[in-house]
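Structure first, commentary second.
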């Protein structure tokens, strides 16, 4: 079926064009209601992590026995750009960054097979864990604070973390600004001398009594059975019965007899305060395709019921809300898009009949909703990048409809019936319009072809523009002609419509006069002095590049966005105690409280 027959069929059957428009609107609205929102699309870090537990081993033992051997095994593997290893007490972590041209899934399988086949690791190590590195996006930071001790705050924070992680749509919750638990064992020098013990010897006995050790495997008819001795101790009371000496008569001296054993925290300077009180921070993350606003809403609903149940003197408050920032930025971009569409309508009404202008302008939201309809199938979210793409393509979307509508109007002025004018004009403009759209698509193809970590970041812009242009072609070729052919074309009868027609005519006359008397002579001069025109264009281009190269015209892919938080960094001389640093930090807190009170008095805004 030829293009002309398709256009004629939709033009003669307005029900079909209206049904097509209705389908684009409904599917777009349904998709828009279910599309996830995020600040930026997920970026594939293209990194793989290898973790090998080596319980009880010092960092030096971990490095020599595990990290170096894994590095030697993987360094010749194809597709690895960078290899980094970290040796901690009881754990080796190796991070592998992949090149852009290698398939991440294939590289993961290859690295996993090589690490699993490594038989030179110490027998005390556990099975290596090989996984693809995943980036997490912060959604909420919740400050849990109050006038209580560190242990109570940490336990409340752990409970809150577990409860939030159990909420629907949330898979990762962290707890920060908490010190690790520590069992403090203190033995006086006199007790050591009395029983002929050494501190190093007692330490070895304590270390040996608190280990999870692999015990090998037993083969059976049903397969292999893994053996493991679980002896790891976590609390002070579990160490009380560790024997440190066996006397000749068979009696034993236990650790509790010579040591002061206490459950405490590791020494360190990691502290957090919120509203001048000790605090811990519960951080909620967005993982994969989870929706940030939904995560924030569910978590805030949980806090409304949780805060009244906290012990007296302890409360919780949202400190940082990334989801609100995402929605605010998307609202700004959406407002810009709406403003742009409004300006398009205003400009259209200056040149076209009001009804024609309205149908042309109506094609913009139809094309946008048609684009939203394919978002779920293209794995595109509503992000800063996708909304920016809509703003880029907004002015282009209306071009197709303007060309078709103006040509229909011209044929009507020649005496054609509205239906015949719509068919003839649309058929005549179909090839130029389609090829014009194809050239625009070609300009955005490089963004789709970007590979590596930034593919999903820039590819969104290209795909959104292409989908929007395709929707615009459908709207201008199949939907708009039917609307223009069957619109009411009555002459203006009201005072307002007559006045508007007069204004349009005057505006057209002024514009035509300017084009004939000003622009046309200037254009003729430019053509006659083509070498001067070319030189002027090249000169302007050189000046533009010079401004960028000199730094006078600053280039930034994203403009600096003002934040809603103020950060103060305090750096003390080396060797200063934690107490002195804390006292200095409290002075900054006092100054911030004073400033907040002044701003609240001036603006009336609380929680400054």
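Numbering (the working numbering), first residue to last: 478 to 1085.
Yeah, the Cβ is synthetic: ideal placement off N, Cα and C, and Gly gets one too.
| query | Whole-angstrom Cβ separation of residue 649 and residue 486, contact assumed at under 8 Å? | reply | Sequence index remark: in the chain shown, residue 649 carries index 172 (1-based). Sequence index remark: in the chain shown, residue 486 carries index 9 (1-based). Taking C-beta atoms under 8 Å as the contact rule, residue 649 and residue 486 fail to qualify, at a distance of about 53 Å.
| message | For a quick check, are the C-beta atoms of residue 529 and residue 602 less than 9 Å apart? | response | Indexing the chain shown from 1 puts residue 529 at position 52. Indexing the chain shown from 1 puts residue 602 at position 125. A contact, by the Cβ cut-off of 9 Å.
| field | Residues that residue 651 bridges to, as DSSP identifies them | value | As a working note, residue 651 is residue 174 in the chain shown. In the DSSP output, where bridge partners are listed per residue, residue 651 has 760.
| field | residue 945 and residue 861 closer than 9 Å at C-beta | value | Here residue 945 refers to the residue found at position 468 when the chain shown is read from its first residue. Here residue 861 refers to the residue found at position 384 when the chain shown is read from its first residue. No, the pair does not count as a contact, with Cβ atoms beyond the cut-off.
| task | Could you check if residue 598 is buried or exposed, using at least 16 other CB atoms within 10 Å of its CB as the buried criterion? | result | Here residue 598 refers to the residue found at position 121 when the chain shown is read from its first residue. Burial call: buried.
| Secondary structure of residue 754, DSSP reduced to three states | Your numbering for residue 754 matches position 277 in the chain shown. Shown here, residue 754 sits in a strand according to DSSP, grouped into three states.
| message | For residue 1061, which residues in the same chain have their Cβ closer than 8 Å to its Cβ, ignoring the five residues on either side in sequence? | response | Position 584 of the chain shown, counted from the first residue, corresponds to residue 1061. Excluding sequence neighbours, residue 1061 sits near 1047, 1049.
| message | Rounding to the nearest angstrom, what Cα-Cα distance links residue 1085 and residue 773 in this structure? | response | Within the chain shown, the letter at position 608 stands for residue 1085. Within the chain shown, the letter at position 296 stands for residue 773. Per-residue confidence for residue 1085 stands at a pLDDT of 48, beneath the threshold of 50, marking its modelled position as unreliable; no derived number is given.
| Hey, out of 797, 685, 723, 742, whose CA is closest to residue 716's CA? | Taking the first residue of the chain shown as position 1, residue 716 is located at position 239. Of 797, 685, 723, 742, the residue nearest in Cα terms is 685.
| query | What residues match up with residue 658 in a beta bridge as DSSP calls it? | reply | Working through the chain shown from its first residue, we reach residue 658 at position 181. Answer is 742, bridged to residue 658.
| message | I'd like to know whether the C-beta atoms of residue 687 and residue 606 end up nearer to each other than 9 Å. | response | Position 210 of the chain shown, counting from 1, holds the residue named residue 687. Position 129 of the chain shown, counting from 1, holds the residue named residue 606. No, Cβ-Cβ distance for residue 687 and residue 606 is not below 9 Å.
| So residue 833 packs on residue 882, CB below 8 Å; how close in whole Å? | On the chain shown, position 356 is the one that residue 833 refers to. On the chain shown, position 405 is the one that residue 882 refers to. Going by Cβ atoms, the distance from residue 833 to residue 882 rounds to 5 Å, so yes, they are a contact pair.
| field | C-beta atoms of residue 554 and residue 587 nearer than 9 Å | value | Taking the first residue of the chain shown as 1, we reach residue 554 at position 77. Taking the first residue of the chain shown as 1, we reach residue 587 at position 110. Cβ distance < 9 Å, so residue 554 and residue 587 count as in contact.
| Same chain only: Cβ atoms within 7 Å of residue 863, ignoring 5 sequence neighbours per side | One-based indexing of the chain shown puts residue 863 at position 386. Annotation for residue 863: 857, 937, 941 place their beta carbon closer than 7 Å to its own, counting only its chain and skipping 5 residues before and after.
| query | Are residue 456 and residue 615 close, meaning C-beta to C-beta below 9 Å? | reply | This structure cannot speak to residue 456, because the chain is shown only from 478 to 1085.
| query | Is the closest heavy atom of the ligand GDP to the C-beta of residue 538 under 8 Å? | reply | For the ligand GDP, the structure offers nothing, since it holds no ligand at all.
| task | Leaving out five residues on either side along the sequence, give the residues of the same chain with a beta carbon under 7 Å from the beta carbon of residue 747. | result | In the chain shown, residue 747 corresponds to position 270, counting from 1. Cβ neighbours of residue 747 beyond the five flanking positions: 654, 656.
| request: Flag this pair as touching only if the region 948–962 and the region 482–496 have three or more C-beta atom pairs under 8 Å; answer yes or no. | output: yes
| What's the gap between the Cα of residue 1003 and the Cα of residue 1079? | Here residue 1003 refers to the residue found at position 526 of the chain shown. Here residue 1079 refers to the residue found at position 602 of the chain shown. Answer to the nearest angstrom: the Cα atoms are 59 Å apart.
| task | Report the residue from 622, 633, 824 whose alpha carbon sits nearest the alpha carbon of residue 794. | result | The count along the chain shown starts at 1 and reaches residue 794 at position 317. Among 622, 633, 824, the Cα nearest to that of residue 794 is on 622.
| query | Using CA coordinates, which residue listed in 524, 789, 490, 775 is at the minimum distance from residue 624? | reply | The residue given as residue 624 occupies position 147 in the chain shown. Among 524, 789, 490, 775, the Cα nearest to that of residue 624 is on 789.
| request: Could you name the residues of the same chain whose beta carbon sits closer than 7 Å to that of residue 663, not counting the 5 residues immediately before and after it, in chain order? | output: In the chain shown, counting from the first residue as 1, residue 663 sits at position 186. The residues are 736, 737.
| field | Distance, residue 562 Cα to residue 548 Cα | value | Reading the chain shown from its first residue, position 71 is the one you call residue 548. Reading the chain shown from its first residue, position 85 is the one you call residue 562. Going by the C-alpha atoms only, they are around 8 Å apart.
| task | Check each candidate in 914, 918, 876, 865 and name the one with the smallest Cα separation from residue 934. | result | Here residue 934 refers to the residue found at position 457 when the chain shown is read from its first residue. The residue with the shortest Cα to Cα distance from residue 934 is 865.
| Nearest to residue 878 by CA position, among 627, 994, 836, 980, is which residue? | For this step, residue 878 is matched to residue 401 along the chain shown. Measuring from the Cα of residue 878, the nearest candidate turns out to be 836.
| said: Which of the three DSSP states is assigned to residue 618 in this structure? | reply: Locating residue 618 in the chain shown gives position 141, where the first residue counts as 1. In this structure, residue 618 counts as strand in the three-state DSSP scheme.
| message | Suppose contacts are defined by Cβ-Cβ distances below 9 Å. Is residue 838 in contact with residue 851 by that definition? | response | As a position in the chain shown, residue 838 is number 361, starting the count at 1. As a position in the chain shown, residue 851 is number 374, starting the count at 1. No Cβ-Cβ contact shorter than 9 Å links residue 838 with residue 851.
| Mind pulling the alpha helix (DSSP H) runs of 4 or more residues that sit fully within the region 521–560? | 536–539, 545–551
| field | DSSP three-state assignment for residue 623, whether helix, strand or coil | value | Here residue 623 corresponds to residue number 146 of the chain shown, with the count starting at 1. Strand, per DSSP.
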